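Here's the structure, in structure tokens; my notes come after.
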Amino acid sequence: MNSLTMLFAVLVAWLSIGTFVAAEGSRPNVLYIFTDDQTTRSVSCYPDAYPWVKTPNIDALAAQGVRFENVYMAAYCVPSRVSFLTGNLPHAARGVFTGRELDAARLTEEEQNHPFWPRRLRASGYRTGIIGKWHVNSRPPTVGMDWDTAIHWSSQSTPGGYYEDQHMRQNGGPPTPLNGYSVDRHTDMAVDFINSSGLKSNGDGGKPWLLWLCYSSPHKPCVPAPRHRGLLKDVQEIPEPASISKREGQPAYIATLPEIRRWDNVKGQIRAYQECVLAIDENVGRLMRELNDAGQLENTVVIFASDQGIAYGQHGLVGKKDAPYDATLRGPLIFRWPGHFAENHVVHDSVNATDVVRTLHEITGLAPLPTMDGMSLVPVLENPDHKLGRDAMLLTNVQNNMGQSIPQMMKRTAAAVAAGEKGEAIMYDWTMIRSGDYKYVAYAGPDREEEIYDLKHDPDELNNLAGDPEHKALLKELRKKAAVELRKTQSGFDDGHFIDFFPLLRRL
């Protein structure tokens, strides 16, 4: 899409704001609770949760709403947040980022090409807020543009850890001490935001609001709240995962990792991790009570999600989240809005972060930009019998180099190899699709490795089918589907670049 076409598309979206703004009372509030590195194994309403895990408040959201089983937000903290702010897959968020940093010199181009969508929501009549971990770049969120309220901590620019001693910037001001456990204090601020909204009774008076509440837990190194430390110290029911050992068909970066020799050490990390989740669950319950007391519960869409999952032993990885396996990627996603969405329903369709953005556009009555990826989940939220009808769901990992096209991604990987980094367990960028029960992965490394897993019969992803002659037709089919999905995005695979930088597809 050329710059003139893109500018026109953005302008149309801006001008269309006024055409779908309903009466203020009919537009719901949105509370988007966003945790950090939280796997489905840590939430007891998910089937793969450890049997001793208890998260009653998060489970209550699922019982009163819709739980998504196969959620692939992104493979890193920053790209996941970029996808939420732009509605694009990480490689397609161009004109916004130079690596991890917001490119201030290109702010005008950013406004034209990829305005953070909360800015348009704010212009349509919503009060917008972000509280907690920012992490997209070292500069503060754009108060007065995207956000009415921004109280944030950034691990790149303000002191403190993920749990204690954080210094928060309020609306662009200087860092001030948080003075408390981060999950609890972020919730305090969220409650203040809710109670200051001017809404007195389920949408009466004041503006509707959207709050992105970004907990920095349970990111490692895990520090549980003082009241929870040691509560799970006696838990021993943490078996070694089936995928912990080396296996045939592993990509090179996995094969070069050292073996995990002391599982007891990993078990200790898992216990501390789950003790951190206890505070998250408690505060979810508190938020629901506060919404009820404020008379805003019925008119508030509550979403619970994480930026991605994390591995603790699976595939030989500890504290890792960038590999294309379910154990590292899958996180929770729950929508609650009784009377509007189904209740106690589970969706098995595969979704990613851009689908959440499309969904929020439909819920709030905001027109999505034509350049956005993803699809709205509202049909499956409203109707338990509906299927998304998606042939394949695409996810790309460009690490923290958002906005790089796939050809750029592969050039960067080649440069790393030429510099002698190969053999040091570096994670190569990858492209992944989930199509039905199958997952296909293509790596940008020099060996152009591929993986295929039948997740129905091989949920631990132990048997790579990509090199099996009996699955040659399946490999060809999944390559084609990957090509189709990549062409839908700003992948850089136009014209001759498609074949030049994705030679796997030359064999189609």
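Sequential numbering from 1 applies to the sequence shown in my numbering.
Built from N, CA and C at the ideal position, the CB exists for glycine as well.
From a predicted model like this one, the values you see are computed outputs, not experimental measurements.
Out of Q236, G331 and E259, the CA that lies nearest to the CA of R247 is found in E259. E382 is not bridged by DSSP to any residue.
Beta bridge pairing from DSSP links F341 with P338. Annotated three-state conformation of F193 is helix, per DSSP. Rounded to the nearest angstrom, the gap between the Cα atoms of G374 and R448 is 27 angstroms. For L465 and G445, the gap between their C-alpha atoms comes out near 19 angstroms. Closest in C-alpha terms to D326, from the list S26, V71 and V30, comes V71.
DSSP, read as helix, strand or coil, puts A150 in strand.
A contact is defined here as three or more CB-CB pairs under 8 angstroms, and the stretch 427-440 meets this definition with respect to the stretch 385-401. Around the beta carbon of T176, fewer than 16 other beta carbons sit within 10 angstroms, so the residue counts as exposed. Judged by DSSP secondary structure, S217 falls outside any beta strand (DSSP E); it is assigned neither H nor E.
Boundaries of the alpha helix (DSSP H) around R358: A353 to T364.
Counting along the chain, the unbroken beta strand (DSSP E) around K133 starts and ends at R127 to K133. Check the Cα spacing between L462 and each of H471, E470, I452 and P469: the tightest is with I452.
In the three-state reduction of the DSSP assignment, T142 falls in the coil class. Remark: C-beta atoms of T371 and S217 do not approach each other more closely than 8 angstroms. Rounded to whole angstroms, the Cβ separation of L381 and A342 is 7 angstroms, and the two are in contact under 8 angstroms. Per the C-alpha coordinates, the member of L85, W209 and T256 positioned closest to H315 is T256. In the DSSP assignment, K320 falls within the beta strand (DSSP E) that extends over V318 to K320. When DSSP states are grouped into helix, strand and coil, F116 belongs to the coil group. Taking the Cα positions, V66 is about 32 angstroms away from R229.
With the rule of 3 Cβ pairs closer than 8 angstroms, the stretch 181-195 does not count as touching the stretch 236-245.
When secondary structure is reduced to three states using DSSP, V82 falls in the helix class. Judged by beta-carbon spacing, P224 lies within the 8 angstroms limit of E275, meaning their Cβ atoms are closer than that value. Taking 8 angstroms as the cut-off, the beta carbon of A150 is found no closer than this to the beta carbon of Q308. G160 and W153 have their C-alpha atoms some 9 angstroms from each other. By a beta-carbon distance limit of 8 angstroms, F68 does not contact V302. Their separation comes to about 14 angstroms.
If you draw a 10 Å sphere on the C-beta of Q236, you find fewer than 16 other C-beta atoms in it, and that means exposed. A distance below 6 angstroms between beta-carbons, with the five flanking residues on each side excluded, links R336 to the following residues of its chain, in chain order: L61, Q64, G65 and V302. In the DSSP annotation of this structure, the continuous segment of the beta strand (DSSP E) that includes L31 starts and ends at N29 to T35.
Between the C-alpha atoms of K220 and G132 there is a straight-line separation of about 16 angstroms. Around the Cβ of N383, a 10 Å sphere holds fewer than 16 other Cβ atoms; the residue is exposed. Membership of V484 in the alpha helix (DSSP H) is indicated by the continuous run K472 to K488.
In its chain, beyond the 5 residues on either side, T187 and V191 have a beta carbon closer than 8 angstroms to the beta carbon of R286.
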